[in-house]
Structure formats: structure tokens, C-alpha cells
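Protein chains in written order, with this note's numbering: chain W, 2 to 242; chain P, 2 to 242; chain E, 2 to 242; chain X, 2 to 242; chain H, 2 to 242; chain L, 2 to 242; chain C, 2 to 242; chain U, 2 to 242. Since the structure comes first, as C-alpha cells, the remarks are kept for the end.
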């Protein structure tokens, strides 16, 4: 048929229209539908904000019954209860507001290290950790090592050097990624959080700080976007798996 | 001496003060001084904005005479002329405003693919490309494939799937990284550019678009920061080299 | 009398003051009172935010008893219940938060196609759809075809090419109108939504993206303004009716 | 071949890759490449900012020698001189900073009426007018009818009612489109300009005013984007031609 | 004593310290304490936001028992009920959220005309009206005469020309003060309101519009600040009383 | 003819169209064309920014030859030279960048007092003073009395209490109008200036300060808008003249 | 061991790693861990926002049982009740939302004077006062002396001149610190508050005003950050104690 | 006379008016005129931006001939040349753009330590250093110790602990003050600089970072305000001298 297209017997428009009738999964080259349903073995991700508990359960069922896994983020308590009732083996995280359902094969060769500046950054770090686990990563943690007590971070050389990727979660002044970026050679993903008040501008201050990091090669995701950081980390560490 | 510290005979303050007199290079654990002089084989990076041509040449000399390489970014024409006069083998890029000096050993296993949305994004893409080359990467290019003519991008499946990292450079609406992020599984680094006028807000519009990308796992660097994107890409592709 | 004005026997001030005593409907040249009560056959539009259910019902009654139609937008549930109790034939839309009352004559020659990037953009799309229907248009829909899975949009060539106007509703990165604008020749109206968090800035990120669209001739309305997009579409498709 | 794809003998990735080797023009369904080279008879648009006079001339030559037309926008004086030297029949507009080259067939059935609030808005209005002419429209003008002297606008009922589309160009308070939107039933495209100082915020104040217009169905383009407004108007008035 | 100061026998510091022990009311030159307790006959103004009903009543009592008047703004319902219970003759305004207590002598020679663009601007206009009445003004009203139906305003020439000051209250596009400023010669005070959504930015869009008014000599107060507009109007119309 | 309109023999549209053919000056009720050419005796105001010297001279000639006056603002030096060459009696102000041409009859009963916080605010104060003079006011001045040396202001009680209106010009912290507003009972017009750097945000910091003034009844004009403040003052002090 | 490091027998990385195993308290040189647990005698500070009452009590217990003091800020009522139940001698401040537990030795030589502009600034001033007391300072107060009634402040010369540091708390126009900075020679710390509405931008207007203070040497902390101002004051007045 | 005031024979208004005729220097209680001419021995500060060289020289002469000192900031080269020609002993600083004239008595007991994050922050640090020297301080320096190479800062324990005040000058991510604030117990004044591009927002990103510092008690001055930081430091270290 493509030859017909090349020779002009069939217009490309017709070819494309026919092509589009094929089911979406056959249309994928590389990983076209990466965002919603990641490739075989990755979880279906359900952004629960604005969905009812039964809607979230229904979406999870669609994937899990085919043997896949699901990850629900930004869930409220009622949604977590409903998912646990339907999937008793699911793992719910109240702080990170996530629920993981179904089996996960570990694929990441090197650990994803998640660092927080303060205890208030914990919810975003938990979302990142649960998301990274759901995508098959080994996850390490380093909590409450903000730059105002820099010795706490400096004493963690081993954890820092063994990481495959570092996710740095920080609100307020957002200064931690710059320090970490100067200490490690691996990729560093900075996640600003909305922790703070007044001139923190709902996380924009930390976001701008991170984009201006004086440590070369630090990249940034949206405010409070623990899931996005985990997805970026997964793109990195499972690349050669 | 650390035992003395632990037993209290010597205060940590004194120990640290003595420790700090040791030359900086011995102080490094992991890659402490990553930003300015990257590890053995990486170039010294000279941000030329606000420096005179002779200052830039002097800094480059300091590194190059020891057998290392240097990369000057944000140079004006006079600085490029001065560097070429002193280092006849240097490679100057007028569009990207960079000069590379000294030998580079290629270390990146997989190519860094740099994509631009429009011709006006070229200067930032050139800075990214030159920086990536200076850091030992193989660099691929895909130009002028903005989303308003989406078929131009879709026809490049092979280039996209063979990349180790993709750097997407786009101004105005900054929409390209979302489309690319949906097409590839490898890491995607988005670089907003200050191309545009009015509501482009000097690149902030593109920056915010990219931070809100509906493709999971796209990370972002500062506006016009081609060098930073290259440094981030290098952290990824040379990680296991 | 105008001659008296010209000759100075009567001042223009007096003439205008008298003129203004004429009832408003006779004052209209072209469509002076377009915003609140559109010309014969168009609905009275009631922006329900900040009005009580009985106030909304009362305003609707004023128009409907004269044989006209009414459209209430931004209603809460109590208002929708009250309108349905008073006008049993009314059509309420819980997602779009609208109620249509009274008969509508279809006037639009070509369909208004409403496209959404994600499921969270649905409420704004519903407001646009209901508003467009209330103004006498034929409405088509294309849901959840965001740019991170671009093949879903590309497979809809027929729907795209047959539209008279396309309304593209998108939050987060707001990238979809640029892609659509490159695919169709008809007018494209972009509606940013407040969907997202952090750097989405309550929809401003999507708004700025759309204003910077690299597809020529895309126009934009206010954030979440589904009604406004429908009104703009109606100005276009019923122009020659 | 699509059957092979459906049956699995050939992967879609291979099919798409082959498909993409077909020349771009055959890939178009609908009007894919609308932005840069509009369909047969429309001009090639050259955004001259950041290009040298000879580059602009070269791009124009590519199109014009094939019998097409070209429109250069945001030109400086040197570029206009260079274009006139190469194409003696070209029409240059110093205020609007545009040059039109080549023949244009008038296609728009109804006139595009361009209204300005003040004399300082003239450059943007000229860019809009020249762009609209280059795209085959009939163009009308109404200058300096800002709302602080509202009677000047009100005396133009005939011009207003006969327009197919109205483009309203206004800086400072940006109030004019709301008034015009209440007077006409046809589509209204508002163009904020960067005219003003202080709290005009480079045109953002006018932009936000227009997005909040109390006249239903007014749409908006980027600040100073006269070309974009003309392109949007062209999508409307030549739709059925 | 001032001579002692001049001759140096007494330091100015001591003189000033003594001076400051005199009760505040004697310290006033001109109207020093204008903001809280306006001069004899003006009301004590109580900004009720963040105060309990009994606190507001207590403050009102302090003034009223001395024969003065009081004006409470931004009251909630409980505070209005409490004030009416204690001062049965008080005048409460539920829409404007104000309560006036005590007698007022009318001092303004010419009326303060308060104009609104839409019905949603009513609460701010009521606050302005009640405040103006409490300060001894004659108040006129013109409601719902927004610029999208400009004929409604134009028919009110008599009301406009007889005003001593005009207060124009408008949200959304904030365009009305520019039109009014072009129609009248008297002072025009513009009050932006937080009416609107999305790009109205909580009233900032209307505020910026008004600051950029193309009608010369329009002045502006803070968003939703009906009280401030009334105070400014009072400064004008009672100046020569 | 209006009777014909009322009886329906002639449509209002036709009436209005005819009415609009009358020359503008007869159309005025009240002072419709106030902004550009103020009523008999007021100057024609020429905003010189973006106009050539000869254009400014030409506009001034049009008015002055009919016995009126003209005021040019935001002039550059060449324009001032050209105006003085053509009108030897004109008064040019290099600091305020203004030129006044033609005779002025003093109309303001009470003086307009212009106060500056610092010497850098002088240009805006000069524009205000020259504009106020051109509109027939008596002008008083009080310079460099910023709040960091509050005693300088406090020693000026007589000047403050005798003013009809006070214009307060201040950049940086913009705190002066609040202090002045607490000292005088007459109208206070605050003019923020773009004096400052960094967090002064080009005058926005001072603007916001003034809008939030804790002194009741202070009104504000655009940044650096000395002319606007003078126009507002003129609306106040010449009201009853 | 440091000699071994210098001679190369032991790498610095190993030395540092060992060093970091020493307990944190011995690692401190100067006051490394200043932020959370200040040096001997300073309170443990607990930011209660987002913590449960029992969590706050538990953290306080950890410190207090060792003879130290604790300060809880941003507490809700339940937390204050829980702390008082567990520590009957604790001092709770409902307005400032703080609780102080345990003994405090007064160390500050000169008083910390806390000034407010209006009564609405009281909560932030109380947080500052309680924090300063918990850190061992003598605290003075001056309330409701905003610049609109400047004589109230000027009458307080003695309190102003005897202060060791002045903390000025002000919302709305934030003008007070400039006046105070011109009256005293000691350090002045400005605290913007989120008091106000509309153009107060949640305290940003006052923040920007203070950063632009025309009084030299005024420093600023975050919006509503009474605790931070007290900590800064403590750094100053206890420096030489 | 004050008794007359108390008894009512003389109004306070008259007393104050007379009082104000006394020369300013006698009016000072405490240090009223601190900003422009600091107390005996402090320099007159001349902000040279917008002043001609001869104006700056004239202002300096006024002070210096009376035996005082002068400090000119933000000078251009011509002004520095003019000052050196007139005052051959003056000290000009080309990087900091300052000139110090006249003798200075050292008064600060403890050194003011000025720290920079990068070499681009040097101009602001030089302005701070020269200003601190002109005000009689001992000044220490620590350059180029940004957080991306944290060991460089940590090795400077002795300099840090011996400082009386630390001024931290940093652009880009502005992270350094948080680290320094955690290492020292003395006052820390943070100066954001406009160094950077894109999301640095002309220094606003660094400013917001510093206001959100996680180290308690860090205070902030305006962007690039080296002089202000020095003035604040002087208020602290010379307080008890």
C-alpha cells in the first residue's frame, strides 16, 4: 500500500485514515503511548484528582485484570480505602497519597536516590518513591538534609556516590539541588515543593532557584511533581536494561 | 586524628580547619568540583559574558597547557578572534557563540539528539551541541520540526529511537517537548528559548509550558541554557562509560 | 431635528438626551445588545455565579415566557434543580454546569468541533458544547487527544477537515491548539483551562502557550471560558446564515 | 501493507518509517503545512527579525520564482531596500515594516475591517492590513477611534455592519474591543499592542483586558501580532470561498 | 520654650518628647488623624475583617456615645446583627456588608455618582455608596451600564453632567472608566473589582486597565476598595463646604 | 426626526448614522472630546513619543493658529528646539521634557501642590507642574521631603494646608503619599515613579504601595504619569470655576 | 590522619566518610546546627504547621526532658491545648499562635523593640515577640503607629532611641520601616505582613516597598515571618553577650 | 511655649510651624537625617546615577570642605575621573563603581566579612566593601565560594567565626546565604544580584530564595544593593562603639 502511495494510486490521506483505524497499540513505534499506559510491565498511571473512588477503581481494574500493574496518585483517603477493598494486596501510602496495585518486576540497574531538604517535603518525596517503585526501580532515601545543616548531607558520601540518579526534593529556598549537583556526577533531578509561605509563592521561588542552579546539568520538573521526577529517573536508569 | 576527635582530645573545629588547608583537589570525594573543572578529560568551562577577551584567553591557557580542554560559552566576536589567535586549532561557532579548545576523547556510548522547533532556536541548539561535543558526546541534529507541521517530526522515527538522550530546544509555545516525550522512551531534556515577543515573556511562556508537559518524565533547564542541557545529557549518557 | 442641531437651534446635548429616552430595543443598530440578550432567537445568557437559584429562575422566566430561550452557565446543583423544576423540558449538564431552556432553531451551516486534550478538560468543553448548542450550532466532539499521544489526533482527519470552526480545550502545557492549527485551514479558537498545578499558574501557562502558538491564526479566549469560545464560534459559523 | 501491519507480519514502526520517506507534500492531509507555505496562492511568510537582508531576499526568491507570492514581516529598512532592489514591483510599508512580493488573487468575500484606538497603534494595524492584503482579502480601515471619544466610533455604523471580520488594535487600556464587540455581530479579533508605559506592562495590561472582555465572543492574539490577527481573519472570511 | 530650643538651652529632643505627651487630639494640625477618626462630624471607620462582633460593637460604642457616627465595613452577618441589636437605628447593607450608626449631616454640595459595569460589581458599589453617605454626601446611582452595551450609558447624559464626582466600579475588562472619563469633565475615580476569573487575575487586569486609561485624569484606588473611593470623593466634594 | 424615530417611520440606525455626519464638535454633550482637545481655553496635548519634531510642530500649529494653546509632553531635545524655533514665546522644560505654547488663562482657584520624595523624582514632577500650568492652575512645589527624613515634611504645615490638591510624586518605596494623606484633608493624587532598581520593578513596587495606602482616600495614576496627575488635579480644582 | 591525607596514604574521601560518622553534635564548628536546635540554652523550634498535636508534644518532650526549652510556632488551638496539658508551665499565645516551654535565661543586653503599623499586624508581631522572648531577649512593644497618623510614632522618641534592634511589622503599604529607619541609628528589621487585599498581593506589595526603603540599611525577612525577624534580632543583640 | 500649647493659648499648629523653622540639624532627635548625611564622621552618600560628573563633584565638595567624608556610588567612568581630578587622595573602585573621598575613622569593633558566590557577583561585593570602609568598618573578603563547590566554603571556618557580620552576595540560585546562615551565629545579610539570565528574572529568583532561607535569621536587602547591605552591617557593628 505504501508503494501505491509513492506511485500516487492511493493518496496519503486515505492511507493515513486507514492506518488510524488499526488499534492504538499496533500504532506505537518506539513508545508512543508512554504517558498513560507505559510499555508492557509498566503500570497504568491514574491521576486521581477530580475522579470518584469508583472511577479510579474501574480504571485500575481494566489494567490489572490483564495482568498489568496500576499506580494511582493524588488519591484522597476514600479512594485509597476503595482500592484496598478491591485489591487487598495493593500498597497504599497515606503521606504520598498513592496506591500501587499489581506485580512489579524490578528493572532499574542502579538505585534512584531520593533526598529531601526538610520533613515538610516528605509527601512529594513519598509520591516520587512510590512512583519509582511502581516503575520497577530500586529506591534509596536520604531525609531532612537541608543546606542549613550542611554536615548532615556531607556525611552521606557513600549513598550519594552509589546512586544511579538523584531526585532532590526541596521547598522554601530550594538550595539543596545546587549543593548535591556539586557533589555527584550522576544525573540530578530537582523537584520544587510548595512548602513555605509568603515569598515562597507556592513553590515558584524554589522552582526558579533550581532553574538557576549554579551546579551544571541539574534538571527540574514541575512543583510537587514527585511522579514526574520518578518518570524522568526511570527514563534514565532503565534505558539500557 | 579522627580518633582524637571522637575521644575529645581535639575538637572537630580544629580538625576541620586543618583539613581545609589541604589543596582542594585532594578534598574532592566523588566529584566535588564538577561545575568549573570537570573530572579528568572534561573541559574547563568559561562563561565569557562580562569577561574581556584577554581574561578568557588567560583562563583557557591555564587549563590547556596542562593538557586539558576548555569550552568558552557566550563569547562575543572579539573573544572568539582572540581565542583563535592563541589556539589556532580551536573550533569557534559564531551562531552558538562558543569556542572549543584542546583534544576531546569521545566517551558517550549513545548519541545526544538535539531537536529544534524553529530556525530562531538555532543559537541555543548550537550552544548545546558544542557543549555536548566538548564533553565527549556523539551529537545528532534534527532542525525546524515544530508542532505546527507535525509530519516533519513524525518522519524521523529512526533518529528518535536511536538517541540516548534527546534535547528539545523550543521557544514561543514550547509545545515540542510534549510531543517528543510521547514518541521516545529515552530521557528528554527541554530547553525553553527566549525566541518570541509579547506574551512569550522572554521565554517564560515556553518554560512554563515545558514544566507542565503532559508527557511524563520530561525535565527542564533554564531559558536559553544550551550548555546546561548538554551537561545534563552528559551526566546521563556517560554515566556507565 | 438633526437640521435644527446643525443650524444650532437645538443643541446636540438635548437631541441626544431625547434620543436616549427611546426604549433600548429601538436604539440597536446592528446588534447593540449582543452580550446579554442576543438577537431574536438567541438565548438570554445567565451567568449564575453569585446568583441564588430563584434569581436565576426569575431571569430565565422573563425571556422564556416571550418565546425565547435561555442558557444558564456556572450553575451549582441547587440552581440546576430549581430550573428543571420550573422548566421540565430544560436540558441540564452536570459536568458543564449549564442548563438550556426553550426551543433552539439550528442555524449554523457547518459543525463546531470541540477537541479536548485530556479528561480533566471535560467541564470546560461541556460548557462550550452546551453554549454552542443553545446558540443554534451543530456540535462535534473529539476527546482526550493530547499531544503526548499524537497518533490519536492524527487518526481523526475526517472530523478535522469537515469542521466549520474548531474549539481546542487544553490545560497543563496547552500545546494542542498549535498542532491542530497546523492540521486544519478553518478558524481555530483555543481555550486554556485551569487544569494542572504548580507552574500551570491556574491556567496562565496554557494561556501564554496558546497566545504564542507557532500555528498562524490561532485565537484565544479567557481561561476556562467555554461559553466565550462558543460565542466566538457562533459569530463565525452563523455569519452568513 | 496495512494488512501486514494488522496481521503482525510487518511492524507499524517499519511502516511508519517508510511512510515518512515520502516527500512532505504528499504527506499533507487537509493543510498540514499551513504555517510556513500556505496553500496554492497564499504567500510564503518570512519573519525577518534576526535574518540578514540577503537571507530574506533568498527565501523570497525561492517562492516567487515558482510564481507564488511572499510576505516579509518585521523587516528593518535595509531589508526593505534589498527586497525592493530585487523585486521592483514589491510593495513596502515602512510603518508596518512589511514587504509584499508577487501577485495576489483576491479571495475574501467580505472585507476585513481594521480599527485602531490611537495613532500609536498604527504600526501593528499596518502589519495586519498588509498581511491581510497579501492573503487575498479586501481591507477596510477605521483609525483613532478610542473609547475616550466614543462618538467617533459610533458615527461609523455603516463600516461596522458591512465588515466580514473586525480586527481591533489597541494598547494602553485595551478597552476598544469590548465596545466594538457590543456593536457588531461578526467575529471580532482583538490585538493588544505594546503602546504605553509603566502599568501597561509592555502590552500585558491590554492583553488581559481583552481576554476579560465583557462582550461575548471576542478572541485575542499575542501582543503586537498584527500578522496573526490577519491570518485568523483569513481563516474566517475565505473559509467558504 | 521654642526660643530656648533655638538658643540651645533646651535640646529639641526634650522639647519634642514633652510635646508628644500632649493628647493626640491637640497635636493635630490640619487633619492629622484623618484615617481612623475623621474630623468632627465624620464617622469612625471600623474595618471589621478579622474582628469579632463584640469588638466591632465596642469600638462603635466608644464613638457613638460621644455623639459621633460610626461606619463598619467588611462586616459578616453576625456583626451586622450585633450592631443592629445594640443600635436599633443603624442602617445595615447586606450586599455592601456595611453598617452605618449615628446621625450624619449632609455636607457635600454636589452629588457623588456611582456607576457599575455589571450586576456583579454591586457589592463594591454598595460599600462605596454607604461610605459616601456616612461621610455626608448626596449619592446617585447608575447600574449595569457596561461598555458592551454602550447605548445604556450614553442615554444618561443628565446624570453624568450633574455629578460632582463620578466613581466607576468595574471588574473583568475594566473598560468603563475610560469611556466615562471621555464623557464628563468632573473628577473620575475608578474602582477595579475582583469580579471575573482566569485572566482577570483577581482584579489586577481591571486595575491595570484603569491605570492605563486613555481618558486623561482618571485616578484609581485598590481592587474592591469601595470605601477608599468614597473617601477620595469626599475629599473632593466637601473641600469647600 | 426623533419623533419619527419614536413612531417608527425612521429607524434609529438611520438617525444615528445621519447624526454622526454632523461635525464632531457639535456632537459633544458635556465634554466628550476631553482627552485630545480640551474645552475652549484648554491646551491641545501632544504626546511626542514616537513622533518626529516636524510632526509635533505641525500639530501644535493647527491649534495655536486658532488662538488656542498646546502642550507637548515626552519630547526629546530636537523636538524642543524645533518648537522653540517656530514659537519663540514657548516655554520649554528640559527636565520635565515638556513645551508649552500659547496663552493660558489661570482658572484654578486653589493651588496644586506638587511634592517629591527625592531628587530623582524631579522629571515626573516637572511634567506634572508644566501640565498643571498649561491647564490654568497655580502650582506650588515641595521637593525632596521623603519619609526617611520625615521632619522636612512636617515643617511644611502651611504649604500643605493651603493646597487645593496635593500631587505626591515618589519612587522606590512610594511611602510618601500615605504620610501626606494623613496630614491633609484635601484630595491627594499619588504618582509612582520608575526611580529605583531591582525590586522596584520599574515602579510597580511604588505603585502597589500607593494603592495599598493606609491613608484613606488617596488615589493613584500610572507610573511616571505626571501629565495624568495634573489632568486629575485640574478636574478637581477647576470644577467650580 | 590528616597527615596521611596530605601524604596520600589515605584518601580524603575515606577521611571524610569516617569523620561523618562522628555524632552531629561534635561535628559542629561555630553553630552548625543553628536552625533546628540552637546552641545550649536556645530553644528547639517546632514549626507546627502540618504536624499533629501529639507530634508537636513528642518533639517538645525530646528537648525539654534534657533541661532545654522549646518554642512551637504556627500552632492551631488543639496543639496549644495539648502542649499546655503536657507542660502546665508553658506559655501559650493565641494571637501569635505560639507556645513557649521550659526555662529561658535572658541574654540580650539591649531590648528588641517590636513596632506594628496597625492592629491587623498583631499576630505577626506576637509571633516575633514570643520568639524573641524564647531566645532570651528583653522585648519592648509599640503598637498601631502607622504612617497615616505619623505623630503617634514621633511621640515615642525615648522608646525608639533605647532599642538595641527594632523590628517593624507592617502590611498594606509597608511604609513604616522607612520612617523608623530614618529615626533610629540601630539595626532595623522589616517584616511585611499579608494584611490587606487586592493589590496588596498577599503581602508582596509591602515586601517590595520594604526592599526599596529609602532609609539606608533596613533589612527584610519573608512575609509574616515574625519568627525569622526575632532570630535575626537575636543574632544581633546577643552577639557579644 | 509648650505650656501655652497645653493650656490652649497657642495652638499646636502654630507651635509646630514655628518649630519647623529651626534649622534641620537642631530638629534631629536620635539620628533623624541618617540617610543622606550620616552623623558626624559618617560620609555623605551620593547616588551618582542620573547626575553629571560636575554635579557629583559639587555635592562632594559641600561636605568635604567641612572636614567630612563623601562616598559616591553607581558612578560612571567620567564621574570617577572628575572626582579624582578634584580630590587627588580619593579612592576610586572601577569594579564597584565607587569613589571614597576624605578621611575615615575606623569605628567597627569586629570585621564585616563579605562573601561572594561567583566572580560575576564581584561588582556588588565591591560596592558593599567600599561602602563599609567609608563608614569606618574593617572589611574581610571571601570570594567565589558558591555552593556547587561547597568544600571551598567549609575550609574557611576561621574567617567565618571571627566575623562580626557576614554579607553574602549571590546571584543565580542565591543558595549561599542559607549555607552560611547554618554555619555562623552572627548576623547574616543576604544581597541578591542580578547575575544570571532567563529564569533568574533579573535577580528576583535569588531574592525570593534568600527570603525563603531555611537558615533562621537571615535578612535580605534589595537586588544589587551592596551599599544597603554595608549600611545595615554598620548599624550592627558600630552600635556599641
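Glycine is no exception: its CB is placed at the ideal position from the N, C-alpha and C atoms.
Three-way DSSP call (helix, strand, coil) for residue i in this model
i: residue 196 (chain X); result: coil
i: residue 224 (chain E); result: coil
i: residue 245 (chain W); result: No information on residue 245 (chain W) is available, as it lies outside the stretch 2 to 242 that chain W covers here.
i: residue 162 (chain U); result: helix
i: residue 87 (chain L); result: helix
i: residue 151 (chain C); result: coil
i: residue 130 (chain W); result: helix
Residue of the options minimising C-alpha distance to residue i
i: residue 232 (chain E); options: E:140, E:78, E:103 and E:201; result: E:140
i: residue 178 (chain W); options: W:196, W:83 and W:148; result: W:148
i: residue 223 (chain U); options: U:129, U:150 and U:155; result: U:129
i: residue 162 (chain U); options: U:176, U:143 and U:60; result: U:143
Residue i - containing beta strand (DSSP E), residue span
i: residue 60 (chain X); result: Taken as a continuous stretch (DSSP letters only), residue 60 (chain X) belongs to no beta strand (DSSP E), being part of the alpha helix (DSSP H) at 54 to 65.
i: residue 142 (chain C); result: 140 to 143
i: residue 45 (chain X); result: 45 to 48
i: residue 167 (chain P); result: 166 to 171
Cβ shell of residue i (< 8 Å), same chain only, five flanking positions each side left out
i: residue 164 (chain L); result: 111, 112, 113, 114, 141, 185 and 187
i: residue 201 (chain P); result: 172, 173, 195 and 207
Close beta carbons around residue i, own chain, < 7 Å, minus the five adjacent residues each side
i: residue 135 (chain U); result: 44, 70, 72, 101 and 105
i: residue 26 (chain H); result: Because the pLDDT at residue 26 (chain H) is just 31, under 50, the model does not fix this residue reliably, and the value given afterwards should be weighed accordingly. Correct list: empty, nothing qualifies.
Nearest-angstrom Cβ-Cβ length linking residue i and residue j, presumed shorter than 8 Å
i: residue 195 (chain H); j: residue 204 (chain H); result: 4 Å
i: residue 127 (chain C); j: residue 97 (chain C); result: 3 Å
i: residue 48 (chain X); j: residue 225 (chain L); result: Not really, about 32 Å apart at Cβ, beyond 8 Å.
Neighbourhood of residue i by C-beta, 6 Å cutoff - its chain only, sequence neighbours within 5 removed
i: residue 22 (chain P); result: Here the model assigns residue 22 (chain P) a pLDDT of 35, short of 50, so the residue's position is not dependable, and the following value carries that caveat. Excluding residues within five positions, none has a Cβ falling inside 6 Å.
i: residue 65 (chain P); result: 71, 102 and 103
Residue span of the alpha helix (DSSP H) that contains residue i, given as start and end
i: residue 99 (chain L); result: Segment 99 to 102 is the beta strand (DSSP E) holding residue 99 (chain L); no alpha helix (DSSP H) there.
i: residue 205 (chain U); result: 205 to 212
Contact with chain B by residue i, beta-carbon distance below 8 Å
i: residue 223 (chain C); result: Absent from the structure is chain B; the protein chains it does hold are W, P, E, X, H, L, C and U.
Check: residue i C-beta below 7 Å from any heavy atom of the ligand FMN
i: residue 113 (chain W); result: In the structure on display, the ligand FMN does not appear, and there are no ligands present to speak of.
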